[in-house]
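Reading through the structure tokens given below for one structure.
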Amino acid sequence: MRIALLGVAALLAGALVLSVFNGPITGARWFGGGLVGWAFVLWQCHRRLHLNVASLDNRPFTGLGTANRITLLRGWLIGATAGFLAILPLPTSAGLLYVPAVFYSVAAALDGLDGYVARRQQQTTRLGTELDTVMDAFGLFIAPLVAVFTGKLPVVYLLVSVAYYLFQWGIRWRVQRGRPVYALPPSQLRRYLAGAQMVLVAFALWPPLPGSVSQWLSIALMIPLLLGFCRDWLHVSGWLGARREPAA
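By numbering that gives the first Met the number 0, the letter at position 147 of the sequence shown is numbered 146, and the numbering carries on one by one without gaps.
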């Protein structure tokens with residue numbers, strides 16, 4: 000509850016600053032959009048609290064720990080970035096566009112720190128693993144939308160934004176129909192491709208980078224990621240690789 004209230008208070012403070020420099024309508028719209036984003040982050044955490052157990056021996060932890068708090072900070076920054084989707088239809092100054100660039104760049108830079116801290120403190124949890132993945136996907140949903148609104152990324156790049164959610168929907172579809180879902184094989188490439196997208200989107204949001212450069216780069220980087228999702232789907236559906244036991 001304390002973390003939730005701190006997040007709301009930070010959004011309110013940001014809305015007041017925006018109201019001073021850009022008018023109350025801008026501040027109110029950003030606060031509303033950011034609040035929806037923050038609520039989504041909290042919901043994703045709350046529905047996984049039962050996974051706050053050690054990854055190796057399922058030993059339960061009573062607190063979230065520093066690592067999961069860092070992940071929630073990343074989520075707050077992405078939620079705050081989502082607030083700009085509510086104000087970009089309004090006339091905005093060029094200087095204002097630096098704010099979502101800063102928010103998402105910090106969120107992307109913190110990726111990996113939560114896992115490092117969890118390992119250092121010997122508190123790696125299933126909650127942390129899932130929440131980290133969910134925040135990565137949330138960031139790659141929100142930030143590209145902002146970049147498309149500002150003309151820094153092509154609309155087709157939104158395929159990256161929805162790829163994770165379509166993949167998860169496909170898994171649920173198979174489960175609901177009683178079809179087996181096979182575990183994905185370990186892959187460092189999967190992580191590298193996702194990291195490359197975060198770096199690309201973070202740079203694309205910065206106003207000085209020409210849109211022509213970021214648009215061509217995005218096409219080059221999105222193709223291997225989407226091909227990776229197709230390959231992973233063939234794995235989980237049993238069409239590719241040795242058939243393993245269905246995932247739990």
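Just so you know, even glycine gets a beta-carbon here, dropped at the ideal spot from N, CA and C.
Mind checking whether residue i and residue j have CB atoms under 8 Å apart?
i, j, result
"LEU183", "ARG125", "no"
"PHE60", "VAL52", "yes"
"TYR181", "HIS234", "yes"
"ALA27", "ALA9", "no"
"ALA79", "GLY33", "yes"
"TRP238", "PHE166", "no"
"ALA203", "ALA136", "no"
"THR149", "LEU96", "yes"
"LEU220", "GLN196", "yes"
"THR128", "SER18", "no"
Pull up the CB-CB distance for residue i and residue j, whole angstroms please, since I reckon it's below 8 Å.
i, j, result
"LEU144", "LEU216", "About 18 Å; that fails the 8 Å criterion."
"LEU152", "GLN214", "6 Å"
"LEU130", "THR70", "5 Å"
"LEU82", "GLY36", "Per the sequence shown, residue 82 should be read as Gly rather than Leu. With 8 Å as the limit, GLY82 and GLY36 qualify as a contact, their Cβ atoms being about 7 Å apart."
"ARG73", "MET134", "5 Å"
"ALA93", "PRO206", "6 Å"
"ALA142", "VAL200", "5 Å"
Tell me which same chain residues have a C-beta within less than 7 Å of the C-beta of residue i, skipping the five on either side of it?
i, result
"LEU192", "PRO223, LEU224 and GLY227"
"VAL116", "THR65, ALA66 and ILE69"
"VAL16", "none"
"GLY240", "PRO184 and HIS234"
"ARG189", "GLY227"
Keeping to the same chain, check which residues put their C-beta closer than 6 Å to that of residue i; ignore five residues upstream and five downstream.
i, result
"LEU76", "PHE102, VAL105 and ALA106"
"SER236", "none"
"LEU41", "ALA3"
"ARG173", "VAL180"
"ALA100", "LEU204 and TRP205"
"GLN43", "VAL133"
Let me confirm a value: residue i is counted as buried when at least 16 other C-beta atoms fall within 10 Å, else exposed. Which label applies?
i, result
"GLN122", "buried"
"GLY6", "buried"
"ALA247", "Low per-residue confidence applies at ALA247: pLDDT is 49, beneath 50, and the placement is therefore not dependable, though the value from the model is reported in the following sentence. Classification of ALA247: exposed, given that the 10 Å Cβ count is below 16."
"LEU87", "buried"
"CYS229", "exposed"
"SER160", "buried"
"GLY111", "exposed"
"PHE140", "buried"
"ASP113", "buried"
"GLY177", "exposed"
"GLY249", "With the chain running from 0 to 247 in the structure shown, residue 249 is simply not present."
Looking at the C-beta of residue i, does it have a partner C-beta in chain C at a distance below 8 Å?
i, result
"LEU95", "Looking at the structure shown, chain C is missing, and only one protein chain is on hand."
Any heavy atom of the ligand PLP within a distance shorter than 7 Å of the CB on residue i?
i, result
"TYR181", "As presented, the structure is devoid of all ligands, the ligand PLP included, so that no description of it is given."
Ordered along the chain, which non-local residues of its own chain (more than five positions away) have a Cβ less than 8 Å from that of residue i?
i, result
"GLN120", "GLY64, THR65 and ALA66"
"LEU89", "ILE24, THR25 and ARG28"
"VAL198", "ALA107"
"VAL154", "VAL147"
"ALA162", "LEU224, LEU225 and PHE228"
"VAL98", "PHE83"
"ILE170", "VAL180 and VAL235"
Unbroken stretches of the beta strand (DSSP E), 3 residues or longer, contained in the stretch 171 to 225: Counting only runs of 3 or more, we get nothing.
What runs of the alpha helix (DSSP H), each 4 residues or longer, lie entirely inside the stretch 42 to 118? Runs of the alpha helix (DSSP H) inside the stretch 42 to 118: 64 to 81 and 97 to 108.
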